[in-house]
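Enquirer: In this text, residue positions in the sequence shown follow our numbering: the first is 192, and each later residue adds one.
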Amino acid sequence: SRDFYKVSDENSTLSFVVDFFTYSLLRSESDFHFPVDAIDYLFGLNAGYKTKDEDKEYGFRLRVSHISAHFVDGHFDYSINSWRNGRSPQVYSREFIEIFPFIKFGSLRFYSGFTYLFNVTPDNLGKEIYQAGFDYYMHNAGFGIFSPFIAYDFKLSKIEKFFGNNSFMLGIKFGHYESKGFSIRFSYLSGKSIHGEYYNIREKYSSIGFNLEL
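(1) With burial defined as no fewer than 16 other Cβ atoms inside 10 Å of the residue's Cβ, what is the status of Arg-218: buried or exposed?
(2) I think Gly-317 touches Ser-348, with their Cβ atoms under 8 Å apart; what is that distance to the nearest whole Å?
(3) Restricting to Cα atoms, I'd like to know which of Ile-288, Leu-405 and Gly-387 is closest to Ala-260.
(4) Throw me the rounded Cβ distance for the Phe-309 and Ile-288 pair, which I believe falls under 8 Å.
(5) Whose C-beta lies closer than 6 Å to the C-beta of Ser-374 among residues of the same chain, with five residues either side of it excluded?
(6) So what does DSSP say about Arg-393, is it helix, strand or coil?
(7) Would you report the Cα separation of Phe-353 and Val-208, rounded to the nearest angstrom?
(8) Does the region 248-267 come into contact with the region 276-288, if we say contact requires no fewer than three beta-carbon pairs (one atom in each stretch) closer than 8 Å?
(9) For Tyr-283, which option in Gly-355, Phe-267, Asp-268 and Pro-313 has the closest C-alpha, if you only look at C-alpha atoms?
(10) When you compare only the Cα positions, how much space is there between Thr-306 and Phe-345?
(11) Could you tell me which residues DSSP puts in a beta bridge with Ile-230?
(12) Here's a check: name, in chain order, each residue in its chain whose Cβ is nearer than 6 Å to the Cβ of Phe-212, leaving out the five neighbours to either side.
(13) Considering only the alpha carbon of each residue, which of Ser-192, Asp-210, Ala-238 and Asp-222 lies closest to Thr-204?
(14) Could you tell me which of Tyr-321, Tyr-196 and Tyr-389 sits nearest to Gln-281, measuring between CA atoms?
(15) Can you tell me the Cβ-Cβ gap for Asn-357 and Ser-381, rounded? I've got them flagged as a contact below 8 Å.
(16) Run through the DSSP bridge pairs and tell me what His-322 is partnered with.
(17) So is Tyr-343 in contact with chain D if we call contact Cβ pairs under 8 Å?
(18) Where Gly-335 and Ala-342 are concerned, what is the direct C-alpha to C-alpha distance, given to the nearest angstrom?
(19) Between which two residues does the beta strand (DSSP E) holding Met-380 run?
Structure follows, in structure tokens:
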């Protein structure tokens, strides 16, 4: 994501941002091979506004985006000339608008969100997504150049019937918590897959990873 227009004064900031990113699913094989099984693309625009009021900060983000999902060659089993696990490529596409208001007290932020899918394939996906969560950075705990953090997110979606996705994260960020930097994190997820080609598969897993904010 990159700002293409931003205006601010002493207490408030308004920004317009272009989004483009992918998230990929890799498999592990022998000889240190990691073929890409699936990939999801997102591109769109968002606008954000935030303002400070004494000891708190509040604002919102409004986004319009497109997501599409695809299997790639790592999902194909060449030894039997077939797609793995009997899952062939399918059309998965979403165009949506979402709004996420938030309020922040120091380094503790609470947010909620509503997403409306105005065009979606397959058609058994619901058109509304409800979301809420928080994140907290312990930047005043005396750790110096790094800040421990904790975050939780709950998402209520519908595939024929409503279900919940839970995401928990615990980690350490190097650099100022509100600036770009590097973080190491432990994550736990329970719910439907985040990858569109596996949208109806229920998963439960934990992972350790890192994030580089450029």
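A virtual CB, placed ideally from N, CA and C, is assigned to each residue, including glycine.
Expert: Taking the coordinates as given:
(1) exposed
(2) 6 Å
(3) Gly-387
(4) 7 Å
(5) Gly-362, Lys-364 and Asn-402
(6) strand
(7) 31 Å
(8) yes
(9) Pro-313
(10) 13 Å
(11) Ser-215 and His-261
(12) Leu-233
(13) Ala-238
(14) Tyr-389
(15) 5 Å
(16) The amino acid occupying residue 322 in the given sequence is Gln; His does not appear at that position. BP columns for Gln-322 point to Gly-304 and Lys-346.
(17) The chain labelled as chain D is not found in the depicted structure, where only one protein chain is given.
(18) 21 Å
(19) Per the sequence shown, the amino acid found at residue 380 is Leu instead of Met. Note, Leu-380: beta strand (DSSP E), 373-383.
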